[in-house]
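Taking it in order: structure first as structure tokens, then the write-up.
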Amino acid sequence: MNQIPPWQRLLAVLFYLLPWSDALPFGSALISVFPWLIWLQLPALPLLLLQQTVPFGSFVLFLVLYLAVVRNPKVPDYLRFNALQAILLDILLTVLSLGFRVLLSPLGDSIVLRTLNNTIFIGCLAVLIYALLQCSRGKEADLPTISEAVRMQL
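Using our numbering, read the sequence shown as starting at 2 and increasing by one per residue.
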């Protein structure tokens with residue numbers, strides 16, 4: 002059995018901070034009800050600061066991850082897989098965020114919008130916890146559809 006070194010496991014876990022930083026805005030209503038959830042923002046703070054201080058910080062980070070890790074054949078497959086999976090999760094969250102702004106903005110702060118936001122936040126949290134546990138064990142997190150898309154790209 003091929004053992005994944007601890008440094009690769011740690012890097013794979015860190016890749017999933019990218020989608021987590023984009024999932025946090027979906028949880029704002031939930032965080033206002035349960036203030037202790039603000040602690041979940043701590044791991045993503047460096048990324049949030051980078052995204053806010055550097056112009057197009059999210060896009061720059063995306064390009065760096067994609068070009069330096071995913072498309073680099075010298076990088077181990079385990080890291081490439083997890084980096085691309087984190088990127089695809091991030092793209093999904095970005096598309097959802099844009100869709101909410103365009104399609105659901107007329108609803109304002111309705112219960113429907115808050116429920117959708119909370120559902121996305123909790124779903125993303127569950128997916129990321131699963132991915133983090135699998136990465137810490139040295140295994141690939143098998144997410145339906147997303148993992149299949151990642152395997153096709155690699």
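Even for Gly, the Cβ is constructed at its ideal location relative to N, Cα and C.
Nearest to Cys125 by C-alpha distance, out of Met153, Pro56, Leu66 and Ile92, is Ile92. Annotation for Gly28: Phe122 place their beta carbon closer than 6 Å to its own, counting only its chain and skipping 5 residues before and after. The shortest CA-to-CA distance from Gly139 to any of Pro36, Leu90 and Tyr79 is the one to Tyr79. For the options Pro7, Leu117, Leu66 and Ser59, the alpha carbon positioned closest to that of Phe82 is the one of Leu66.
Under the 10 Å beta carbon count, Asn73 is surrounded by fewer than 16 other beta carbons and is classified as exposed. A Cβ-Cβ contact shorter than 8 Å links Gln86 with Val151.
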